[in-house]
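Okay, so the sequence shown: first residue is 3 according to my numbering, each after it adds one.
Glycine included, every Cβ here is placed at the ideal spot set by N, Cα and C.
These figures come from a predicted structure and were not determined experimentally.
What follows is a single structure, written as structure tokens, with notes after it.
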Amino acid sequence: MDGHAMLGKVDGPTKAPMVILHSNNELDQWLAAAAGPVHFVPTMGGLHRGHQQLIRAARRAGARVLVSVFVNPTQFGAGEDFTTYPRHPDGDAQQAGAAGADAVWFPAMDHVYGAANPGDNPGRSGPPLKPFLIRTLCGPWRPGHFEGVLMVMERLLERVQPAVVVMGEKDWQQLTVLRQCLPAFYEQRCRLLPVPVVREEDGLPYSSRNSRLSPAQRRQAALLPQGLGDAAAAVQGGERRAAVLEQLVRRRLDAAGLAVDYAQLVDPLTLQPCPHLDGVALLGVAVHVGPARLLDHRFLLSRKPIIAIDGPAGTGKSTVTRLLAARLGLLHLDTGAMYRAVAWLMLENRQPIRSGEALQQLLETMELRLAWGDHGQQVIRINGVDVSDAVRLPRVTATVPRVAALPEVRQVLTRQQRMFGRQGGLVSEGRDMGTAVFPHAELKVYLTATAAERARRRAADMTQRGQTPPPLATLEVQIAERDHLDCTRTEAPLRPAEDGVVVATDGISVEQVVDKLEDLFHQRLSHEAWPAGHH
Ligand code: AMP
């Protein structure tokens, strides 16, 4: 996907000429010269179309775009290419300007590290690195590299204090390490905006190091994305074993005389080895081609992604799920409506809400069908009757917790929900999506809000549906009762999944919640592999 399209807007009609900054003073003056947010694109120079895409993605009305060019010594190991890394400041300034940067900052070593030689300050360190994130991919091959990346990023962010930092998905492990280890990102002092890999015509990612390849080496390098393409084709053909997929890539590259550091299938979020593809995984590769070490990766999908959203009523779950599904081109599976449909049917049949013969018979003969309208809205039919609206009636709302607590009902509906999950492509909402129905979902979210906030939302929702809400205090009691039933039922009680993300929605808008979930999703599946919109 085009990162530019992803971000909407661009600048106004007049734009001041781009500024070149060197010293910290110059930087500080530039930062202080105007109000408004700074969007920051940190680079090591050798700018190419990949970097330019980051710069374009950083451009927003009212924001100023700062690009830094700093070849960071602390992220290079002994024998790596620190001294030969491409350095072309004039070309960099020209490329940054053409992409719309407002300023380019070329800090010297002491501007970043406070000493001309980083070895002069032995006490220097960066934020702690979570060791599990460097057990795979480049971690074992580049000892000290990610520590150096964290160190420099912490220093750059402290100086610049940007609102947004734009980085490439090309360096997936770097992005993942920064997100999980750099306080600026996980404490959300600034927003990290990831941009899809920009590739040359033959599929090779743009990289500063490509400029060091001879024409013959450059042709060889194109085997990198081709090998990854072979693995993706094997997945299409049903292959799921990591060892086979990794070997496929490795053999192709070995045969062409490329020295492969690794070809490894990992979980995209935890970066742990993934022995068997089940859902989404990342196949990462690093090879040496002549003087350059090149990286590429490909997301492999054995089915479309699944997002599981759980949480009590009144947390904005339905609205959030609907909007998120539309943004990501996924189907909205409202499993609450399925339980409501069964409750509606039992009420229609004047059937007691309990286990037994009658319930067995009802479930055996019941035909529950889901369909999706043009705008992604779920249409639910039970025994041929469209009950999409009827399932929202207050008497159904009052009955559904007891119906959902019946183990037989849950079994039948869970089975049907899992059938939908085989192909994936869902955002499913309910109360046991992440814990029981889709434990392998790529993203599991638990939405919460205080009972008072939920009562307010429920009242507003009822008013909007033309119903008269009871007093807020009554709604709060109903909500607490429903929570108690949901959380204490024996079958799959309502609770966050162990590896789920809890999102409190008090005081934040629906849009903000959807943004957050979209962000969480893309920490697990890149924008390149799953662009917004159509699938
Ligand atoms: P570097 O100068 O190599 O440190 O890269 C600076 C930033 O540009 C990092 O966030 C990279 O992930 C990003 N980047 C480099 N190459 C590409 C590319 N081909 N596509 C997208 N982003 C890239």
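Whole angstroms are fine: how far does the CA of A462 sit from the CA of A400? 18 Å
Which of the three DSSP states, helix, strand or coil, is assigned to P44? strand
Note down, in chain order, each residue of its chain lying with its Cβ closer than 7 Å to the Cβ of G313, except the 5 sequence neighbours on either side. Cβ contact annotation for G313 (same chain, cutoff 7 Å, sequence separation greater than five): K319, Y448, L449 and T450, in chain order.
C-beta contact flag for S304 and V237 at 8 Å: yes
Compute every distance between the C-beta of T45 and the non-hydrogen atoms of the ligand AMP, then say whether any falls below 7 Å. yes
In this structure, how does DSSP classify A37 when only helix, strand and coil are distinguished? coil
Which of helix, strand or coil DSSP assigns to T20: This sequence places Met at residue 20; Thr is not what is there. Looking at M20 - three-state DSSP - the assignment turns out to be coil, as it is neither helix nor strand.
Just to confirm before moving on: does the CB-CB distance between A224 and R300 stay below 8 Å? no
Within the present structure, is the beta-carbon of M560 separated from the nearest heavy atom of the ligand AMP by less than 7 Å? In this structure the chain extends from 3 to 537, so residue 560 is not present and cannot be described.
First and last residue of the alpha helix (DSSP H) that includes P396? P396 to A406
Rounded distance between the beta-carbons of R460 and L477, thought under 8 Å: 5 Å
Tell me the rounded alpha-carbon separation between T85 and P293. 12 Å
Which residues in the same chain have their Cβ closer than 7 Å to the Cβ of G128, if we skip the five residues on either side of it in sequence? E149, L152, M153 and E156
Is Q219 near the ligand AMP, going by C-beta to nearest heavy atom under 7 Å? no
If you measure from the CB of G79, is any heavy atom of the ligand AMP nearer than 7 Å? Not so, every heavy atom of the ligand AMP lies at least 7 Å from the Cβ.
Answer yes or no: the CB of L56 versus the heavy atoms of the ligand AMP, is any distance below 7 Å? yes
What three-state label does DSSP hand Q419 in the structure shown? helix
Considering only heavy atoms of the ligand AMP, does any lie closer than 7 Å to the CB of P207? yes
Drop a sphere of 10 angstroms on the beta-carbon of D104, count the other beta-carbons inside from all chains shown, and report buried for 16 or more, exposed for fewer. buried
Can you tell me where the beta strand (DSSP E) holding A261 begins and where it ends? Residues A261 to V268.
If we require 3 or more residues per run, which beta strand (DSSP E) segments fall completely within the region 450-520? 503-506
Am I right that V268 and R252 are in contact with their C-beta atoms under 8 Å? What's the rounded C-beta distance? Contact doesn't hold; Cβ gap of about 15 Å is too wide.
Would you say D173 touches the ligand AMP, meaning its beta carbon is less than 7 Å from a heavy atom? yes
Please confirm whether any heavy atom of the ligand AMP lies closer than 7 Å to the CB of S210. yes
Roughly how many angstroms separate the alpha carbons of A339 and D521, rounded to a whole number? 27 Å
Going by C-alpha distance, which of W532, C140 and Y115 is nearest R161? Y115
Does the count of Cβ pairs from the region 165-174 and the region 191-207 closer than 8 Å reach three? Touching, yes, given that three or more Cβ pairs across the two stretches are closer than 8 Å.
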